[in-house]
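**Student:**
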Amino acid sequence: MTTTKNTQQTPPGRLLRLAAVEGLTGLRKSTIYAGMANKPPTFPTPVRISARAVAWRESDVLAWIAARTDARPQGVAK
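For the sequence shown, the residue numbers in the numbering used here are 1495 to 1572.
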């Protein structure tokens, strides 16, 4: 009897460039990079996609947004 592994993988997801990350989060470049520089980082770190370009995993940015909105104190206007 032979067993076969399920080789189907989930798709990697989209990579977002800085302008798209700014649009999703409402943050500007300086705030995004400052969050990445914190120890520990308070914003997702990007993936290098070429020698001079980086992008963020959409799933990481969306998870960061969800964590920020879930941590909002009760009684704050939406």
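Idealized CB from N, CA, C, for every residue including glycine.
Would you report the Cα separation of R1508 and S1553, rounded to the nearest angstrom?
**Tutor:** Those two C-alpha atoms are separated by around 8 Å.
**Student:** Assuming contact is defined by CB atoms lying nearer than 7 Å, are V1555 and L1518 in contact in what I supplied?
**Tutor:** yes
**Student:** Note the first and the last residue of the continuous beta strand (DSSP E) segment covering R1562.
**Tutor:** From DSSP, R1562 is part of no beta strand (DSSP E) but of the alpha helix (DSSP H) over 1552-1564.
**Student:** In angstroms with no decimal places, state the Cα-to-Cα distance between A1565 and K1523.
**Tutor:** 23 Å
**Student:** What are the start and end residues of the alpha helix (DSSP H) that includes G1529?
**Tutor:** For G1529, the uninterrupted alpha helix (DSSP H) run begins and ends at 1523-1531, by DSSP.
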